[in-house]
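Reading through the structure tokens given below for one structure.
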Amino acid sequence: MKDFDITVHVSVKDVNELTDEELRLVDAAKDATFRSYSPYSKFSVGAAVLLDNGVIVTGSNQENCAYPSGICAERTAVFYANSRYPDNRVSVICIAARDSSGGFTAVPITPCGSCRQVLIETEKRGGGNMGIMLYGTDAVYCIESARSLLPVSFDETFLE
Ligand SMILES: [Zn+2]
Numbered sequence: 006m007k008d009f010d011i012t013v014h015v016s017v018k019d020v021n022e023l024t025d026e027e028l029r030l031v032d033a034a035k036d037a038t039f040r041s042y043s044p045y046s047k048f049s050v051g052a053a054v055l056l057d058n059g060v061i062v063t064g065s066n067q068e069n070c071a072y073p074s075g076i077c078a079e080r081t082a083v084f085y086a087n088s089r090y091p092d093n094r095v096s097v098i099c100i101a102a103r104d105s106s107g108g109f110t111a112v113p114i115t116p117c118g119s120c121r122q123v124l125i126e127t128e129k130r131g132g133g134n135m136g137i138m139l140y141g142t143d144a145v146y147c148i149e150s151a152r153s154l155l156p157v158s159f160d161e162t163f164l165e
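As numbered in my numbering, residues 6 to 165 make up the sequence shown, in order.
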């Protein structure tokens, strides 16, 4: 038997340590939470993606009474960015969330498995690393690559 370990490097930053560009993305993600449609979970998620042309595209979670028909903020933002700007690479995605109290979560929000799968393919499609910023009021987690979020993942090579 052989074993291998997988480690993920996360830079934990205070909001005060972010660059102006990073702050702009955090603010866009936070702002997007106010456009969430989440009457069932009362959990409002916003995502903001920075494209290589400097444009920021946002998305929010869109729920449905048939629960699986809804979609997460991350995929809303990425799919919209990819459909509106198919030739531009997604450089960074930032995610923020407000819980049922209406306040932003203290602990950084993390993407679900389905979104991680989509983020990996979006990163590959762009041909370079896509940065991940996960916002919480106590800390911001910064991760250099979407691949880090879903190790040993399914990819297109299995389809060949
Ligand atoms: Zn998701």
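Glycine is no exception: its CB is placed at the ideal position from the N, C-alpha and C atoms. Computed from a prediction, not measured in an experiment: that's the story for all the values here.
Any idea which residues DSSP pairs residue i with across the strands?
i      : result
Cys147 : Ser16, Met138
Cys99  : Ala53, Met138
Thr115 : Answer by DSSP bridge pairing: none, since Thr115 is not bridged.
Ile76  : Gln67
Tyr42  : Gln67
Could you work out which residue in the options is closest to residue i when comparing CA atoms only?
i      : options                        : result
Arg152 : Thr142, Asp143, Arg130         : Arg130
Ser16  : Phe159, Thr127, Ala102, Ser150 : Ser150
Val60  : Asn66, Pro73, Val97            : Val97
Gly64  : Val31, Glu128, Asp25, Asn134   : Val31
Gln67  : Leu28, Arg40, Tyr146           : Arg40
Ser158 : Cys70, Val145, Arg121, Asp25   : Arg121
Glu128 : Lys18, Asn21, Leu155           : Leu155
Gly107 : Ser43, Val13, Gly118, Ala33    : Ser43
Val112 : Phe9, Val20, Leu164, Glu27     : Val20
Thr12  : Ile148, Asn58, Phe163          : Ile148
Tyr146 : Ser119, Asn93, Thr115, Ile125  : Thr115
Val123 : Asp92, Phe109, Asn87           : Asn87
Ala37  : Asp92, Arg103, Leu164, Asp160  : Arg103
Lys35  : His14, Asn134, Val62           : Val62
Arg29  : Lys7, Pro91, Ser46, Leu56      : Leu56
Thr81  : Val54, Gly133, Asp160, Ser46   : Val54
Ala144 : Asn93, Thr110, Glu161, Asn134  : Thr110
Determine the DSSP secondary structure at residue i, reduced to helix, strand or coil.
i      : result
Val62  : strand
Phe9   : coil
Phe109 : strand
Gly133 : coil
Phe48  : coil
Asp25  : helix
Asn87  : helix
Phe163 : helix
Asp36  : helix
Leu154 : helix
Arg121 : helix
Check your reading: residues with Cβ closer than 7 Å to ligand 1 heavy atoms
Residue selection by CB proximity (closer than 7 Å to any heavy atom of ligand 1) returns Cys77, Glu79, Arg80, Pro116, Cys117, Ser119, Cys120 in chain order.
For the region 41 to 56 against the region 72 to 86, do three or more pairs of beta-carbon atoms, one drawn from each stretch, fall closer than 8 Å, so that the two count as touching?
Contact between the region 41 to 56 and the region 72 to 86 is present: 3 or more CB-CB pairs across the two stretches fall below 8 Å.
On the three-pair Cβ rule with 8 Å, is the region 95 to 115 touching the region 131 to 147?
Yes, since at least three Cβ pairs between the region 95 to 115 and the region 131 to 147 fall closer than 8 Å, the two stretches touch.
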